[in-house]
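Asker: Below is a structure I'd like to ask you about.
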Amino acid sequence: MKRTLLFIAIFQFIGCTELQQVVNQLPQGTVGIGNAEIAQGLREALNLGVEKQVNKLTVKDGFFRNELVKILLPDELKKVDKTLRDIGLGKLADEGLRILNRAAEDAVKEATPIFIDAVKGISFYDAKQILLGSDNAATLYLERNTKTKLYDKFNPVIKNSFKKVGADQIWTNIITKYNNLPLTNDVNPDLTDYTTQEALAGVYTMISIEEKEIRTKISSRTSELLRKVFALQD
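Residue numbers 566 to 799, in our numbering, belong to the letters of the sequence shown in order.
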């Protein structure tokens, strides 16, 4: 009886957190699936996100015709856009908006190798935390481990894309026309940085869509490994 009471007291003292640490140290076979399989399942899910969703952004109008990721004008240029339309230069404003999105499409084509490297790097510890995390936990992991590299890759591509399609000249023309109007404050935004940031946001948005599908819809788990791994978080 004394031993039973002692066990209960110890149980109450160490609490759930400590018990979970003990469970985590149990042999993998006790939970029916190993950490290596969990990591591989998450790698497969992220690769699907890149293959099925990110690649959609690389086609013509992949950003421009996708309302989830379409790049709109930065706040300081929204007044430019409205003013140009008010004075009959709506076509010029449309052209300026389209080329921002076109540059993002060019940049995303450079993303896949960086994603592949990051996905390969998922550790057993990371895998367990990701699997039992939020609906976008894997996407957030990928963002933490790729954002700086992707920015450095995207930025010069977008800058070159602007030059290729004459975007730099178009926006110089747009902003010059606006700045020359009476009663307006001059603007001079860094459109390369802005478009790079928006392109990155669009990429992670699309990956998170696929991750949520796999987490919440059994029909989206298209392999035995995905079904086995994500059943643990159902």
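All C-beta atoms, glycine included, are put in the ideal place defined by N, C-alpha and C. Note that the structure is predicted; figures quoted are calculated from it, not measured.
On a CA-only basis, which of V673, N612 and T648 is nearest G627? Give me that one, please.
Answerer: Your numbering for residue 627 matches position 62 in the sequence shown. Among V673, N612 and T648, the Cα nearest to that of G627 belongs to V673.
Asker: How about A601 and F689: are their beta carbons less than 9 angstroms apart?
Answerer: Reading the sequence shown from its first residue, position 36 is the one you call residue 601. Reading the sequence shown from its first residue, position 124 is the one you call residue 689. It is a contact, given that the beta carbons lie within the stated cut-off.
Asker: Using a Cβ-Cβ cutoff of less than 6 angstroms, which residues in the same chain neighbour F719 once the five nearest sequence positions on both sides are dropped?
Answerer: Counting from one through the sequence shown, the residue named residue 719 turns up at place 154. Only A672, T761 and A764 meet the Cβ criterion.
Asker: Once the 5 residues before and after R792 are set aside, which same chain residues still bring their CB inside 8 angstroms of it?
Answerer: Position 227 of the sequence shown, counting from 1, holds the residue named residue 792. Excluding positions up to five away in sequence, the list reads I783 and R786.
Asker: So the candidates are D640, L642 and Y743; which of them puts its Cα closest to the Cα of G653?
Answerer: Walking along the sequence shown from the start, residue 653 turns up at place 88. Considering only alpha carbons, the answer is Y743.
Asker: Would you check if the stretch 610-625 and the stretch 650-666 touch, i.e. whether three or more CB-CB distances between them fall below 8 angstroms?
Answerer: No: the two stretches stay apart, fewer than three of their Cβ pairs being nearer than 8 angstroms.
Asker: By the 10 Å Cβ neighbour count, where 16 or more other Cβ atoms means buried, how is V624 classified, buried or exposed?
Answerer: Looking up residue 624 in the sequence shown gives position 59. With fewer than 16 Cβ atoms within 10 Å of its Cβ, V624 is classed as exposed.
Asker: Please name the residue, chosen from I779, V794, I772 and I598, that lies closest to E616 on a Cα-to-Cα basis.
Answerer: Position 51 of the sequence shown, counted from the start, is the residue given in the question as residue 616. Nearest option by C-alpha distance: I772.
Asker: Just to check my reading of the structure: A766 and F727 have Cβ atoms closer than 8 angstroms, yes? What is that Cβ distance to the nearest angstrom?
Answerer: By one-based count along the sequence shown, residue 766 stands at place 201. By one-based count along the sequence shown, residue 727 stands at place 162. That pair is no contact at about 19 angstroms.
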